[in-house]
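Undergrad: One structure is given below, represented as structure tokens, and several questions about it will come after.
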Amino acid sequence: MYETIKTRLNNLKNNKAFELSVVAVIIISALEIGAKTFPLSSGAVSVTHVLDIFITLFFLFELSVRFIADENKKRFFTKGWNIFDTLVVVISLIPINDSEMALLARLVRVFRVLRMVSVVPELRVLINSLIKALPQLGYVILLMFIIFYIYAAIGSFIFNEINPKLWGDIAISMLTLFRIMTFEDWTDIQYETMEVYPMSWVFYLSFIFFTAFAFLNMVIGIVVNVMEDERSKLRKEKENAQNIPTIEDLHSEIQQLKALIISQQQSTNDLTNKEHLS
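Heads up: the sequence shown runs through residues 202 to 479, numbered per the working numbering.
Here you go:
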């Protein structure tokens, strides 16, 4: 009986229509949260209340389906996204009216929109790629901070008398450089200093080259490499789930067949030699 229910729920979980319905409910949840930020009539408030109950119960049902259909229930809560979904669903069950936990419950309902990430595999790949790229990005950020610090010190020493509001000390200078890196009216800052130091454009262009171009491309390259690794892992997981042999599996099977053919040929040669000797 349990295996039959488990099989049916697994088929339901893998059904495209069910996946699309989950995405649709998440979108409805986002719209319902946004609607509550506007002044609503009493009828609209009643509709949003009913929608909130329906969304919470649907998410509870969807999470139960995933848990029951999972092959290894002990490892279900070892996955970060499953823990996140469970916390969102459980806290959403807290009544939000006349309760000390009302504010927390409302805030958690806002995070229900993030369930879109746990439902759509491609979004999970993006988030996992960003998280796994953070250690490598740390070195790039450290190098960028060094460049910022050097240029901020130079700018503070040279341009302090021109505009103390922008170059008064090294901290303010770093904020000014961040503004330049984001191209927020940076030409106004450049032309202001060029009136006193005509060659100061070298300072700005070299800084923009290092930060906005070189370091940005480094960050993009690191994230893209990690993303490719995550996508290959996702493809392997899908192939394993569908029992589709990978290239490595085919290669190992070919090697085993070659070894078997060689051993059979050796045994055949041994029998032939024995017949000749006899």
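For glycine and all other residues, C-beta sits at the position ideal for the given N, C-alpha and C.
All figures in this text were calculated on a predicted structure; none of them were measured in a lab.
From this set, Val248, Phe259 and Val425, which residue's C-alpha is nearest Glu220's C-alpha?
TA: Counted from its first residue, the sequence shown places residue 220 at position 19. When only C-alpha atoms are compared, the closest one is Phe259.
Undergrad: Using 8 Å as the Cβ pair cut-off and three pairs as the minimum, do the region 400-418 and the region 325-339 touch?
TA: No, the region 400-418 is not in contact with the region 325-339.
Undergrad: Just the C-alpha distance for Thr287 and Leu435, rounded to the nearest angstrom, thanks.
TA: Your numbering for residue 287 matches position 86 in the sequence shown. Your numbering for residue 435 matches position 234 in the sequence shown. Thr287 and Leu435: Cα-Cα distance of roughly 23 Å.
Undergrad: The alpha helix (DSSP H) that contains Arg313, what's its start and end?
TA: Taking the sequence shown and counting its residues from 1, one reaches residue 313 at position 112. Note, Arg313: premise wrong, no alpha helix (DSSP H); not H, not E.
Undergrad: Relative to the C-alpha of Ile371, which candidate in Glu385, Asp389, Ile355 and Ser230 has its C-alpha closest?
TA: Along the sequence shown, read from residue 1 onward, the residue named residue 371 stands at position 170. For Ile371, the nearest C-alpha among the options comes from Ile355.
Undergrad: Taking Phe360 as the reference, which of Tyr398, Asp386 and Val326 has the closest Cα?
TA: Start at 1 with the first residue of the sequence shown, and residue 360 comes out as number 159. Of the candidates Tyr398, Asp386 and Val326, the one whose C-alpha sits nearest the C-alpha of Phe360 is Tyr398.
Undergrad: Can you tell me where the alpha helix (DSSP H) with Met395 in it begins and where it stops?
TA: Looking up residue 395 in the sequence shown gives position 194. Per DSSP, Met395 belongs to the alpha helix (DSSP H) from Trp387 to Met395.
Undergrad: Say yes only if the C-beta of Phe379 is nearer than 7 Å to one or more non-hydrogen atoms of the ligand FMN, and no if none qualify.
TA: As far as ligands go, the structure on display features none, and thus does not contain the ligand FMN.
Undergrad: Would you kindly check if the distance between the Cβ of Lys207 and the Cβ of Ile292 is under 8 Å?
TA: Position 91 of the sequence shown, counted from the start, is the residue given in the question as residue 292. Position 6 of the sequence shown, counted from the start, is the residue given in the question as residue 207. Their beta carbons are not under 8 Å apart, which means Ile292 does not touch Lys207 by this criterion.
Undergrad: Spatial neighbours of Glu393 within its chain, please: C-beta separation below 7 Å, excluding the five flanking residues on both sides.
TA: Residue 393 sits at position 192 when you count from the first residue of the sequence shown. Within the same chain, Glu393 has close Cβ partners Ile363 and Asn364.
Undergrad: Please report the straight-line C-alpha distance between Val403 and Phe384, rounded to a whole angstrom.
TA: As a working mapping, residue 403 is identified with position 202 in the sequence shown. As a working mapping, residue 384 is identified with position 183 in the sequence shown. So the alpha carbons of these two residues sit roughly 16 Å apart.
Undergrad: What's the call for Tyr405, buried or exposed, on a 16-neighbour Cβ count within 10 Å?
TA: Here the question's residue 405 lines up with position 204 in the sequence shown. So Tyr405 counts as buried.
Undergrad: Roughly how many angstroms lie between the CA atoms of Ser357 and Gly339, to the nearest whole one?
TA: Here residue 357 corresponds to residue number 156 of the sequence shown, with the count starting at 1. Here residue 339 corresponds to residue number 138 of the sequence shown, with the count starting at 1. Approximately 26 Å, taken between the alpha carbons.
Undergrad: Compute the Euclidean distance between the alpha carbons of Glu233 and Lys217, then round it to the nearest angstrom.
TA: Translated into the one-based positions of the sequence shown, residue 233 becomes position 32. Translated into the one-based positions of the sequence shown, residue 217 becomes position 16. Cα to Cα, the separation comes out at about 24 Å.
Undergrad: Taking Cβ positions, are Leu378 and Phe408 nearer each other than 8 Å?
TA: Along the sequence shown, read from residue 1 onward, the residue named residue 378 stands at position 177. Along the sequence shown, read from residue 1 onward, the residue named residue 408 stands at position 207. It is a contact, given that the beta carbons lie within the stated cut-off.
Undergrad: Which whole-angstrom value is the C-beta distance of Ile390 and Leu376, which I expect to be below 8 Å?
TA: As a position in the sequence shown, residue 390 is number 189, starting the count at 1. As a position in the sequence shown, residue 376 is number 175, starting the count at 1. Incorrect: roughly 12 Å between the Cβ atoms, too far for contact.
Undergrad: What residue does the alpha helix (DSSP H) around Lys237 start on, and which one ends it?
TA: For the purposes of this step, residue 237 is identified with residue 36 of the sequence shown, where counting begins at 1. Careful: Lys237 lies outside any alpha helix (DSSP H) and carries neither H nor E.
Undergrad: Val420 and Met317 look like a contact to me (Cβ under 8 Å); what is the Cβ gap, rounded to whole Å?
TA: Working through the sequence shown from its first residue, we reach residue 420 at position 219. Working through the sequence shown from its first residue, we reach residue 317 at position 116. That pair is no contact at about 25 Å.
Undergrad: Are Phe262 and Val289 close, meaning C-beta to C-beta below 8 Å?
TA: Residue 262 sits at position 61 when you count from the first residue of the sequence shown. Residue 289 sits at position 88 when you count from the first residue of the sequence shown. No, Cβ-Cβ distance for Phe262 and Val289 is not below 8 Å.
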